[in-house]
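A short write-up of the structure that comes next.
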Amino acid sequence: MKSETLHIQMLGKFTVYYGTNPIVFNKSVSAKSLRLFQILLLSGKKGLPKSELIDCLYGWGDPTGGGNRNRNLNNLIYRLKGLLVSAGLPEGNYVAIRDGICYWNSEIPLEIDVIHFEELSSQAELAQGDKRVRLCRKAEEVYRGELLPMNMSDLWFYGKNVYLKELYLWVVDVLEEEYRKTGNYKELLKLYTHAAEIYPFDGWQVSMMRCCLAMHRNDEALDIYNKTAELYAREMGIPPMEEMQECFDQIMFSGRHSQQSQEQKIWQAKERSLPGKEDEIAKSIFEEDKDSGAYYCTYPSFVDHCRLTARMMEGCNKKVLLMFLNLSQNESKAGREGDFVRQMERLKEAVGRALSRKDVYTRYGSSHYILMLLDMEREACASVFGQIEKIYQKLPDSRGELWYHVAELSF
Numbered sequence: 001m002k003s004e005t006l007h008i009q010m011l012g013k014f015t016v017y018y019g020t021n022p023i024v025f026n027k028s029v030s031a032k033s034l035r036l037f038q039i040l041l042l043s044g045k046k047g048l049p050k051s052e053l054i055d056c057l058y059g060w061g062d063p064t065g066g067g068n069r070n071r072n073l074n075n076l077i078y079r080l081k082g083l084l085v086s087a088g089l090p091e092g093n094y095v096a097i098r099d100g101i102c103y104w105n106s107e108i109p110l111e112i113d114v115i116h117f118e119e120l121s122s123q124a125e126l127a128q129g130d131k132r133v134r135l136c137r138k139a140e141e142v143y144r145g146e147l148l149p150m151n152m153s154d155l156w157f158y159g160k161n162v163y164l165k166e167l168y169l170w171v172v173d174v175l176e177e178e179y180r181k182t183g184n185y186k187e188l189l190k191l192y193t194h195a196a197e198i199y200p201f202d203g204w205q206v207s208m209m210r211c212c213l214a215m216h217r218n219d220e221a222l223d224i225y226n227k228t229a230e231l232y233a234r235e236m237g238i239p240p241m242e243e244m245q246e247c248f249d250q251i252m253f254s255g256r257h258s259q260q261s262q263e264q265k266i267w268q269a270k271e272r273s274l275p276g277k278e279d280e281i282a283k284s285i286f287e288e289d290k291d292s293g294a295y296y297c298t299y300p301s302f303v304d305h306c307r308l309t310a311r312m313m314e315g316c317n318k319k320v321l322l323m324f325l326n327l328s329q330n331e332s333k334a335g336r337e338g339d340f341v342r343q344m345e346r347l348k349e350a351v352g353r354a355l356s357r358k359d360v361y362t363r364y365g366s367s368h369y370i371l372m373l374l375d376m377e378r379e380a381c382a383s384v385f386g387q388i389e390k391i392y393q394k395l396p397d398s399r400g401e402l403w404y405h406v407a408e409l410s411f
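For the sequence shown, this note's numbering assigns the number 1 to the initial residue and increments by one for each residue that follows.
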């Protein structure tokens with residue numbers, strides 16, 4: 001009997017369908033099992049060396065790896081086979097190991113959006129003219145988001161994600177050139193809007209506003225500005241980029257919107273509320289409390305702090321460690337809506353309590369924190385991670401899974 005096709009989406013989110021039936025993993029499925037499943041599917045016919053797979057899943061110094069990481073991987077592979085069958089797939093081995101290489105091993109036909117996107121992009125690179133444009137349109141439709149956003153802190157997935165983003169940007173460049181050449185601003189706006197939904201902090205809103213201005217849709221351009229300004233302030237604590245402000249000024253002085261904008265009134269009101277005297281300013285800058293624990297700040301402030309620290313440590317022969325901490329939570333474990341947001345707040349509390357006052361950390365994206373650790377050896381990071389994990393697991397209703405990797409900077 002002919003097998004149903006296994007449909008897998010990894011761009012933007014992770015879903016699996018066997019034919020028309022959704023494959024739902026039960027609560028016992030660990031994040032490592034899912035990552036193993038995803039890595040094997042993405043590795044295709046080439047597979048992945050077992051040693052590299054072990055590093056991807058357990059990392060260096062990961063306390064969950066234990067003394068025999070090879071045995072841990074074998075056990076994980078064995079469990080994965082059973083989990084796939086219990087989730088609704090036919091009986092099968094699914095994972096093969098030959099000459100130290102691990103492969104996805106199944107006769108079930110596969111349809112993976114990542115592979116489809118790569119194939120369309122490769123075909124478009126070899127094509128010319130209208131055929132290239134048609135293939136790029138199909139590829140752009142397939143690209144519905146970054147590769148497995150929940151795995152972003154994993155270096156293996158991060159490298160793959162960077163490659164896919166480069167392909168996507170090339171596809172956008174081809175379509176952008178075509179739409180500009182034909183004056184098709186309607187399709188150009190759709191193209192930029194899709195890109196902004198996937199990468200909201202890459203400046204695509206500027207191009208969206210310029211498209212709207214070219215079509216004399218000033219109200220729509222102003223709406224894009226207001227929404228982007230709110231997004232940047234909420235998520236990053238910074239105003240929109242200079243180019244966007246220039247578009248905003250163009251709208252304001254175009255006649256129809258020449259009156260003082262609500263945005264300007266808001267900033268003027270904020271300015272009036274700022275402290276005016278020097279001693280008041282000084283007091284407002286520095287902390288009044290003496291709480292223990294690490295200092296949390298927004299990502300732009302974190303970047304400034306890291307750069308200033310780097311300048312201060314030049315020539316001191318010292319090093320700084322950046323720990324990238326990730327929280328993962330299976331959809332089946334996510335529970336009611338908004339639970340993941342609460343889990344990230346609990347993790348923020350755990351990090352703050354586990355680190356000292358001289359350490360700084362920030363949130364990066366939907367599921368990551370970045371920690372800057374001073375005066376610490378790389379080998380001690382496993383202990384720091386263990387302390388964070390211990391505190392987190394003791395907090396009420398904590399149910400996420402944590403992992404990390406470390407980058408070392410020397411000065």
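Glycine included, C-beta positions come from ideal geometry on N, C-alpha and C.
- Message: Can you check which of these residues, Asp304, Ala221, Met208 and Lys318, is closest to Ile238 by C-alpha distance?
- Response: Within the sequence shown, the letter at position 238 stands for residue 238. Ranking Asp304, Ala221, Met208 and Lys318 by Cα distance to Ile238 puts Asp304 first.
- Message: On the DSSP bridge list, what partners appear for Met372?
- Response: In the sequence shown, residue 372 corresponds to position 372, counting from 1. Its beta-bridge partners are Leu322 and Val360.
- Query: Which residues does DSSP pair with Pro22 in a beta bridge?
  - Reply: Residue 22 sits at position 22 when you count from the first residue of the sequence shown. For Pro22, which the question treats as bridged, DSSP gives the partners Tyr17.
- Beta-carbon separation of Val406 and Leu322 under 8 Å? Taking the sequence shown and counting its residues from 1, the one referred to as residue 406 is at position 406. Taking the sequence shown and counting its residues from 1, the one referred to as residue 322 is at position 322. In this structure, Leu322 lies closer than 8 Å to Val406 by Cβ.
- Query: Taking the Cβ atom as the reference point for each residue, do Tyr369 and Leu409 lie within a distance shorter than 8 Å?
  - Reply: For the purposes of this step, residue 369 is taken as the residue at position 369 of the sequence shown. For the purposes of this step, residue 409 is taken as the residue at position 409 of the sequence shown. Going by C-beta atoms, Tyr369 is not nearer than 8 Å to Leu409.
- In terms of alpha-carbon separation, which member of Leu89, Arg69, Phe157 and Leu167 lies closest to Phe117? Reading the sequence shown from its first residue, position 117 is the one you call residue 117. The shortest C-alpha separation from Phe117 is found at Leu167.
- Message: Could you tell me the alpha carbon to alpha carbon distance between Cys211 and Cys297, rounded to whole angstroms?
- Response: For this step, residue 211 is matched to residue 211 along the sequence shown. For this step, residue 297 is matched to residue 297 along the sequence shown. Those two C-alpha atoms are separated by around 35 Å.
- Message: Assuming His7 is part of the alpha helix (DSSP H), what are its boundary residues?
- Response: The residue given as residue 7 occupies position 7 in the sequence shown. Run containing His7: none in the alpha helix (DSSP H); it sits in the beta strand (DSSP E), Leu6 to Gln9.
- Item | DSSP state of Val162 mapped onto helix, strand, coil | Within the sequence shown, residue 162 is the residue found at index 162, counting from 1. Three-state DSSP puts Val162 in a helix.
- Inter-residue Cα distance where the pair is Thr182 and Leu169: The count along the sequence shown starts at 1 and reaches residue 182 at position 182. The count along the sequence shown starts at 1 and reaches residue 169 at position 169. Cα to Cα, Thr182 sits roughly 20 Å from Leu169.
- Query: What residue ranges within the stretch 32-115 form continuous alpha helix (DSSP H) runs of no fewer than 4 residues, ordered along the chain?
  - Reply: 50-58 and 69-87
- Run of the alpha helix (DSSP H) containing Phe385, from where it starts to where it stops: Stepping through the sequence shown from its first residue, residue 385 is reached at position 385. Counting along the chain, the alpha helix (DSSP H) containing Phe385 begins and ends at Cys381 to Lys394.
- Query: Using the C-alpha atoms, what's the distance from Leu308 back to Gly400?
  - Reply: By 1-based counting over the sequence shown, the position of residue 400 is 400. By 1-based counting over the sequence shown, the position of residue 308 is 308. The straight-line gap from Cα to Cα measures roughly 34 Å.
- Cβ-based neighbour list, Gln259, same chain, cut-off 7 Å, excluding 5 preceding and 5 following: Residue mapping note: residue 259 aligns to position 259 of the sequence shown, counting from 1. With a pLDDT of 45 at Gln259, under the threshold of 50, the modelled position of this residue cannot be trusted; read the value that follows with caution. Excluding residues within five positions, none has a Cβ falling inside 7 Å.
- Taking Thr15 and Glu111 to be in contact with their CB atoms under 8 Å, please state how far apart those CB atoms are, rounded to whole angstroms. Mapped onto the sequence shown, residue 15 falls at position 15. Mapped onto the sequence shown, residue 111 falls at position 111. Not a contact, Cβ separation roughly 12 Å.
- Going straight from the alpha carbon of His257 to that of Ile224, what length do you get? Taking the sequence shown and counting its residues from 1, one reaches residue 257 at position 257. Taking the sequence shown and counting its residues from 1, one reaches residue 224 at position 224. Here the model assigns His257 a pLDDT of 44, short of 50, so the residue's position is not dependable, and the following value carries that caveat. Using only the alpha carbons, I get a separation of about 15 Å.
- Query: DSSP three-state call for Pro405: helix, strand or coil?
  - Reply: For the purposes of this step, residue 405 is taken as residue 405 along the sequence shown, with counting starting at 1. Residue 405 is actually His in this sequence, not Pro. Correct three-state label for His405: strand.
- Task: Go ahead and label Cys316 buried or exposed: buried means 16 or more other beta carbons lie within 10 angstroms of its beta carbon, across all protein chains shown.
- Result: Residue mapping note: residue 316 aligns to position 316 of the sequence shown, counting from 1. With fewer than 16 other Cβ atoms within 10 Å, it is exposed.
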